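Under full-length UniProt numbering, residues 1 to 319 are what the sequence shown spells out, in order.
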Amino acid sequence: MLNELYESIYQAIKENQTIIIHRHVRPDPDALGSQLGLAHLIRQQFPEKTVYAVGEEEDSLMFIGKMDQVETDQYTDALVIVTDTANRPRIDDKRFSTGRALIKIDHHPDEDHYGDISLVNTQASSCSEIIADLSLYLAERLPLNTEAARALYAGIVGDTGRFLYAATSPRTMQIAAELMTFDFSASEIGQLMNTNSKKVANLSGFVLQNVEISDLGVGYIILSRDILEKFDATDSDTAPVVSLPGTIEGVMCWAIFVEQEYGGYRCRLRSKGPIINEVAKRHDGGGHPLASGANAKDLAEINQIIDEFEELMVEWSKQ
Ligand code: AMP
1 MLNELYESIY QAIKENQTII IHRHVRPDPD ALGSQLGLAH LIRQQFPEKT
51 VYAVGEEEDS LMFIGKMDQV ETDQYTDALV IVTDTANRPR IDDKRFSTGR
101 ALIKIDHHPD EDHYGDISLV NTQASSCSEI IADLSLYLAE RLPLNTEAAR
151 ALYAGIVGDT GRFLYAATSP RTMQIAAELM TFDFSASEIG QLMNTNSKKV
201 ANLSGFVLQN VEISDLGVGY IILSRDILEK FDATDSDTAP VVSLPGTIEG
251 VMCWAIFVEQ EYGGYRCRLR SKGPIINEVA KRHDGGGHPL ASGANAKDLA
301 EINQIIDEFE ELMVEWSKQ
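Below is the structure:
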């Protein structure tokens with residue numbers, strides 16, 4: 001089944017002269033790694049094609065690569081490929097739907113089945129792992145190259161928390177090993193992804209010192225506008241602190257609530273055991289079983305999410 005989809009994707013790439021690759025808003029390393037990794041694969045094998053990677057850039061992740069500017073009329077005859085994005089509202093740049101054909105490649109639960117071709121593999125640690133697997137399957141027809149390997153490796157490292165999270169499989173490690181044979185420095189990527197600005201380091205200290213931890217193992221912290229301003233931090237500066245509560249003994253699932261400029265809270269939800277994406281779905285969000293995102297309109301909804309986490313922990317502790 002997977003191999004048939006790989007063949008169909010290859011045919012679509014081969015048949016189209018213009019290919020535009022999208023991914024989700026607020027990009028993380030896997031969104032950028034899968035998007036740019038695929039762009040590098042196609043560019044190397046088909047230098048006569050026009051390949052674009054589009055979306056907002058993220059300053060802290062510019063080491064993975066830059067975005068391209070695309071004129072709207074380029075979409076008319078284009079194949080559009082969307083990586084790492086479960087649902088259409090989260091796709092960065094709404095022109096994705098105006099191409100000739102659409103392909104979805106993702107590893108999140110398939111909540112929104114879109115695309116003329118849809119390749120969803122929830123067993124993969126990351127979308128970058130899927131793109132690398134596609135390239136390894138296609139071998140001579142869409143071979144890996146150094147630039148692609150570097151971007152894909154960064155994506156895998158990002159989504160697995162440097163091979164820490166449960167989604168890291170033997171296949172993930174095999175693929176990472178293949179990527180490492182190319183001429184880039186894996187340790188440099190690791191160091192770049194492990195280096196934070198001073199303000200993020202200060203915010204990290206604040207999060208570790210102030211996270212509330214319940215007896216059942218639910219951790220949470222609210223990062224209000226005041227707190228973010230105090231640390232001169234933006235919404236995207238919260239990405240490196242999301243995993244921190246999980247490093248504290250006894251914390252099993254946790255939430256970081258980030259107050260947004262125009263009201264409401266972005267909820268960044270994580271777990272080391274209980275499945276949390278059902279909670280996320282009830283609060284205007286979704287995601288993976290152990291890493292999800294949602295939106296809370298006010299403090300009352302935040303309390304509701306914390307209560308739902310507590311209930312999950314009650315059930316979890318009975319197992
Ligand atoms: P984040 O905390 O933003 O890093 O998100 C963690 C995971 O949850 C990501 O892999 C996203 O796929 C998913 N996610 C985040 N926000 C949303 C949302 N509003 N709707 C659906 N999925 C989301």
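We treat Cβ as the ideally placed atom computed from N, Cα and C, and that holds for glycine. The structure presented is a predicted model; accordingly, all values stated were derived computationally and were not measured.
query                                                                                                                                                                                       : result
Just the Cα atoms here: how many angstroms apart are His283 and Phe309?                                                                                                                     : 13 Å
What does a CB cutoff of less than 6 Å around Ile306 pick up in its chain, not counting 5 residues either side in sequence?                                                                 : Tyr220
In terms of DSSP beta bridges, what is Thr50 paired with?                                                                                                                                   : Thr18
Got a sec: does ligand 1 put a non-hydrogen atom nearer than 8 Å to the Cβ of Arg268?                                                                                                       : yes
Of the residues Arg26, Arg162, Ala296, Arg43, which one's Cα is nearest the Cα of Thr18?                                                                                                    : Arg43
Taking Leu119 and Arg100 to be in contact with their CB atoms under 8 Å, please state how far apart those CB atoms are, rounded to whole angstroms.                                         : 18 Å between Cβ atoms; not a contact.
Just to confirm, are Val82 and Arg26 a CB contact at a threshold of 9 Å?                                                                                                                    : no
Ala239: beta carbon under 8 Å from a heavy atom of ligand 1?                                                                                                                                : yes
Are the beta-carbon atoms belonging to Asp28 and Ala255 less than 9 Å from one another?                                                                                                     : no
According to DSSP, Ser271 sits in a beta bridge with which residue or residues?                                                                                                             : Cys253
Using only alpha-carbon positions, find the residue among Lys49, Ala31, Asn121 that is nearest to Arg171.                                                                                   : Asn121
Rounded to the nearest angstrom, what separates Phe184 and Glu311 at their Cα positions?                                                                                                    : 46 Å
Select from Met1, Asp84, Lys14 the residue whose C-alpha is nearest the C-alpha of Gly37.                                                                                                   : Asp84
Taking 8 Å as the cut-off, is the C-beta of Gly115 nearer than that to any heavy atom in ligand 1?                                                                                          : no
Ignore the nearest five residues each way along the sequence and tell me which others in Glu249's own chain have a CB closer than 7 Å to its CB.                                            : none
In the DSSP assignment, find the alpha helix (DSSP H) that holds residue 361 and state where it starts and stops.                                                                           : Past the edges of the chain, shown from 1 to 319, lies residue 361, and the structure says nothing about it.
Identify, in the order they occur along the chain, each residue of the same chain with its Cβ nearer than 7 Å to the Cβ of Asn303, setting aside the five sequence neighbours on each side. : none
Have a look at the DSSP bridge pairing and note the partners of His108.                                                                                                                     : For His108, which the question treats as bridged, DSSP gives no partner whatsoever.
Is it the case that the CB of Arg23 approaches a heavy atom of ligand 1 more closely than 8 Å?                                                                                              : no
List the residues that DSSP assigns as beta-bridge partners of Gly287.                                                                                                                      : Ser292
Have a look at Gln74 and Ser169 and give me their C-alpha separation to the nearest angstrom.                                                                                               : 39 Å
Report the residue from Lys272, Thr98, Gln69 whose alpha carbon sits nearest the alpha carbon of Thr76.                                                                                     : Thr98
With 16 as the cutoff for other CB atoms within 10 Å, does Gly287 come out buried or exposed?                                                                                               : buried
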